[in-house]
Structure formats: C-alpha cells, structure tokens
Amino acid sequence: MTQTITRGQRRQQKGRELCERVHHSSSYFRLNGKNQSPFHQTWHQHCVLLAGVSGAMSGSWWSSAAVTHGLVALFAMGSWVSVNSLWVELPVIVNVLPEGWNLPAYLSVLIAFGNVGPIAVTVTHHCAPGRLNERLVIHCVQALAVVASALLAVFWSHTVTIAGGERSLFFLLFTFVLSLVCCTSNVTFLPFMFSYPSQYIRTFFIGQGFSALFPCIVALGQGVGKLQCPTVNGTVKPEYLKENFPAQNFFWFLCVMLSISALSFQALMQRQTKSQENAPQQEADNAAAKNGEETHPLHNGGTPVSEDQVQVEEQPQTFWTRRNIYLLSLLAVSNALTNGVLPSVQSFSCLPYGPVTFHLSVVLGNIANPLACFLAMFVVLRSSTGLGLLSLAGGVFAAYLMALAVLSPCPPLLGTSAGVALVVISGIIFTGLYSYLKVVIGTLLHEAGHAALLWCGISIQAGSLIGALTMFPLVNVYPVFKRAQECVNNCTSPHIT
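Structure (structure tokens):
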C-alpha cells in the first residue's frame, strides 16, 4: 500500500536531512581540530532546539507525570473494586438471596478463602525467588476478574437446592473468584508499584479508594427498596419496593470498571516499554551533546574529583525492626476489623434501624475510604504513638457497632433519628480512620523496600482472614446475633421500616 506524503511531511524530511548534514560537518570540524563557521554554529543550535521541541511535542502529554498518576489510579481501582461493589450491593440483594442476614458473614469467609491466591504467590516467591513474573500474574487475575464479573451479572440470582435448602451457589462461586482476584492483588499490585517513585504509592491507594467511591456513587443512584407492610386478607406481608435499576445492571457496571483497570495496566506496560527503548537513544544523544559542547570538564574553580575520592557508605538494613513489626501489627488488626469482624455483622448492627439505614451506612462508609486516602496524600502521620492512638480511636467506634450487633434486634435508640444518625456516623468515622491508617502504614513500609510491600500485602490478608474466620461461626453456628422479623414489633419501641 502506498502512503501519501503531505507537503508538511516533505518539509520535515528535508529539515531532518539538513540537520544531519550540519551534524556530520560539525563532527568533521571537531575531529580535525578546526573551528566551526558561524553558519554551522547557528544551524547546529537551531537543529538541537528543533529536535528538543519535536521530542517534547511528540510525548509531552503521554509521557507526563499526570498521565502516569491517572493510569496508576485506574489500575489500582481494579484491586478491590469487586469486593467493594459486592459490599455496597448487599442492602439490595440481602433480601433476595436465601442466605438473608447471614450473607455478609458468607461474603467475609469467601474473601478470607481468597487468600489461597496470595499464599500461592508467597510460596512461589520463597521457593523460586525471582522467577515469578508479577506482570503476567496481574494480567491473568485481571482477565479472570472481567470474566467472573460478567458471569455474575447473568447468574447472580440463580439458586440451587443443596441439602434440602435453597442456596445461591452461583453468586457465592463468582464471589469467591472475585475475592481470589482481590486478595492476590495485594501481593502483586503493591510489589509492582515498587518500580515507581514513592509518590505514586499514594496515588495507588487513592485508586483503591476509587474502587469504593465509584460503586458507592452508583449505589446511591440505585437506591434501596423500602419495606412496606400491607395487609392482605387480614395478614401483614412484607413487600420491598424496587430500586431505580436492578442489581444485574450494577454488576455489569462492575465488569466495565474491571475492564478499565486492565486496560490501564496495559497502558502502563506500554509506557514502560517505550521508556526503556528511548533510554539508550537519550543516553547517546546526551553523550553526543556533551562531546559537542564541552571539550574540557568543568572544574568549578577547583580540581576534578576522582572516583577513588568518592566513597558511598552502604549499611545493611534489616527489615524486621521493632517499628516495622509494630506497623505490620497495626495493619493486620485494622484489616481484621474493617474486612472481617465488622462487615460480618453489619446487617445485624444496621438493619434493625431499617434498610435505608443499612444502605446509607454501607455507602457513606465506603465513601469515607477515598477521602481518607486523599488526606493521606498531604498529611502523613509518622509518629508510632500517633498511629496507635488513631487505631484506638477507631476501635471505640468499632466497639459501638459491635455492641449494636450483639443487641440486635433491639439495639438502643431504636425508632429514633438519633439512633439512625449514630450508627451511620459511627460507620463513616470507623471506616475513615482505619482507611487513613492503612494508607499511612503502606506509605511508610514503601520506604523499606520491595520486601516490605510484600509483607504489607500479607499482613492485610492475614488480618482479614483471622477476622472473617473468627466471626463466621458466631454468626452462622452459635446464636450470638439475632435477626429481626419483618413487619413485626420485635421490641417495645416501634420498628423503623
């Protein structure tokens, strides 16, 4: 196929040929110890200037740091967008699927079992160090997430009969697959970010905040079905009004977000490849410019410094210091509470106040996550004591929410606006404090190297696993938490619907 060359392209080609001739002639003068004519000097300067402008214009927007920050954020969005989307959709599907109020506990355990992925990655790192292709693993888990989310959108409401009872097998199966992807991302996405400067690690956590923010915005637009109690033939039957759009559309939105994350990672790979290809050429250009413009090194009024006079002291650094162990412990505890303990009983702490309260607590609590991550970009608390106090403050609100779940279906201030406000605000502050704490700890551990980020991901998943496995028998086996009956006065106070 013949290509049509425009007049502008011909001019650019002639200009490049002229610059090449000037460059060769300048090299001739320099090699033979002769001075360049003013003509050669002027054209040489113009060619250098035009080459710099052309290179800047060709890659200015695509090579800018802003584009890198944006791609990193979108890439990080896919790390936990699946699990966050499932959590914010719980108020909609909890009354549809047969597991009912116990569904959050099932979800927490499935997320905990998703730790099979990071365990496999960790064992591979230990048994075959340096042989695991993290980029290939990331591509695989992203492709698996896109396929699983698409199947979830189609089969989420299908149930099967197991041991004489209805079970949402397809929903639980695809939830496990998505949980496997999210858990594996903690030990693959974070170590991959070690190849970028430290400021991008905060952008990464902001992207993880987007994984909660975007589903929350969609969930707010979706709404939640309000409970009505009409009387039919003398019998009160609970009825839930439909949402603005069904859960199936929400799960398709999840599939789109995962696809965007995968494409962003591919774009980051292409940018790195181009940077590696351009690096040798840039080094050659810099060397040529240096040889052309300087015939003697600059002494800056003194004598040159030899390599023998430059001594770089390298002191071996040990990762397992008291401070790092303390940070990993705080990280494990915070994730045990935010990803295992409190989510397992959130239906019991919120639903007695009504489905709208449950919906607002879940959605607004998840919105607090990216806001806390954004705050961590500008304010990084490095004091170990301060981080400990922050964790204790979050624990106070966690204790209040746990007390509400234990007292279900008759928590305090039931039937009052104050009770609704307290449970929603407590959920927001609890999530915000621990989200900020996790981002700050991740930023501090990034400074300790690649291994620190790997152990950071392990601590996150270990804490989540312990919290979920601890709460599952308390919710599903032992009658610690009790569900309220719909359209029935379970307490002396009027029940909110």
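For the sequence shown, the numbering used here begins at 184 and goes up steadily by one. Using N, Cα and C, we set each Cβ at its ideal position, and we do this for glycine too.
Paired residues, beta bridge with residue i - DSSP
i, result
"residue 344", "349"
"residue 415", "418"
Alpha-carbon to alpha-carbon, residue j and residue i
i, j, result
"residue 138", "residue 557", "Given that the chain is displayed from residue 184 to residue 680, the structure contains no residue 138 and the question cannot be resolved."
"residue 157", "residue 570", "No answer is possible for residue 157: it lies beyond the span of the chain, which begins at 184 and ends at 680."
"residue 425", "residue 414", "19 Å"
"residue 284", "residue 585", "15 Å"
"residue 671", "residue 391", "41 Å"
"residue 589", "residue 355", "26 Å"
"residue 522", "residue 657", "16 Å"
"residue 442", "residue 360", "16 Å"
"residue 568", "residue 388", "23 Å"
"residue 539", "residue 345", "32 Å"
"residue 516", "residue 408", "34 Å"
"residue 629", "residue 347", "51 Å"
"residue 621", "residue 662", "33 Å"
"residue 282", "residue 421", "17 Å"
"residue 665", "residue 530", "10 Å"
"residue 561", "residue 264", "24 Å"
"residue 431", "residue 365", "21 Å"
"residue 252", "residue 383", "7 Å"
"residue 153", "residue 587", "Look at the range of the chain in this structure, 184 to 680, and you will see that residue 153 is not part of it."
"residue 619", "residue 519", "15 Å"
"residue 323", "residue 334", "17 Å"
"residue 297", "residue 327", "13 Å"
"residue 514", "residue 261", "21 Å"
"residue 553", "residue 376", "19 Å"
"residue 572", "residue 378", "32 Å"
"residue 449", "residue 259", "13 Å"
"residue 350", "residue 279", "11 Å"
Local conformation of residue i per DSSP, three classes
i, result
"residue 620", "helix"
"residue 597", "coil"
"residue 290", "helix"
"residue 423", "strand"
"residue 410", "strand"
"residue 395", "helix"
"residue 674", "coil"
"residue 367", "helix"
"residue 431", "helix"
"residue 297", "coil"
"residue 316", "coil"
"residue 281", "coil"
"residue 564", "coil"
"residue 661", "coil"
"residue 332", "helix"
"residue 537", "coil"
"residue 501", "coil"
"residue 263", "helix"
"residue 590", "coil"
"residue 360", "helix"
"residue 439", "helix"
"residue 625", "helix"
"residue 638", "helix"
"residue 275", "helix"
"residue 449", "helix"
"residue 650", "helix"
"residue 631", "coil"
"residue 666", "coil"
Proximity test, residue i beta-carbon vs the ligand HEM heavy atom, cut-off 8 Å
i, result
"residue 513", "Because no ligand of any kind appears in the structure shown, any question about the ligand HEM cannot be addressed here."
Closer than 9 Å to chain D by CB, residue i
i, result
"residue 584", "In summary, chain D is missing from the structure at hand, where a single protein chain is found."
(message) Would you call the stretch 396 to 405 in contact with the stretch 261 to 276, where contact means no fewer than 3 C-beta pairs closer than 8 Å?
(response) Inter-segment contact for the stretch 396 to 405 and the stretch 261 to 276 is present: three or more beta-carbon pairs are separated by less than 8 Å.
(request) Would you check if there are 3 or more beta carbon pairs closer than 8 Å linking the stretch 339 to 349 to the stretch 309 to 326? (result) Not touching, per the Cβ criterion.
(request) Determine, using beta-carbon pairs with one atom in the stretch 353 to 371 and one in the stretch 633 to 653, whether at least three such pairs fall under 8 Å. (result) A contact between stretches requires three or more CB pairs, one per stretch, nearer than 8 Å, and the stretch 353 to 371 meets this requirement with the stretch 633 to 653.
(request) Assess, as a yes-or-no matter, whether the stretch 402 to 419 is touched by the stretch 296 to 311 under the definition of 3 or more beta carbon pairs within less than 8 Å. (result) Per the Cβ contact rule, the stretch 296 to 311 is not in contact with the stretch 402 to 419 (fewer than 3 Cβ pairs under 8 Å).
(request) Taking 8 Å as the threshold, find out whether the stretch 604 to 620 comes into contact with the stretch 527 to 545 through three or more Cβ pairs. (result) With a cut-off of 8 Å, the stretch 527 to 545 and the stretch 604 to 620 count as touching, because enough Cβ pairs lie within range.
(request) Could you tell me whether the stretch 646 to 655 touches the stretch 598 to 608, using the rule of 3 or more Cβ pairs below 8 Å? (result) The stretch 646 to 655 vs the stretch 598 to 608: no contact.
(request) Examine the Cβ distances between the stretch 306 to 315 and the stretch 286 to 297 and report whether three or more of them are shorter than 8 Å. (result) No, they do not touch.
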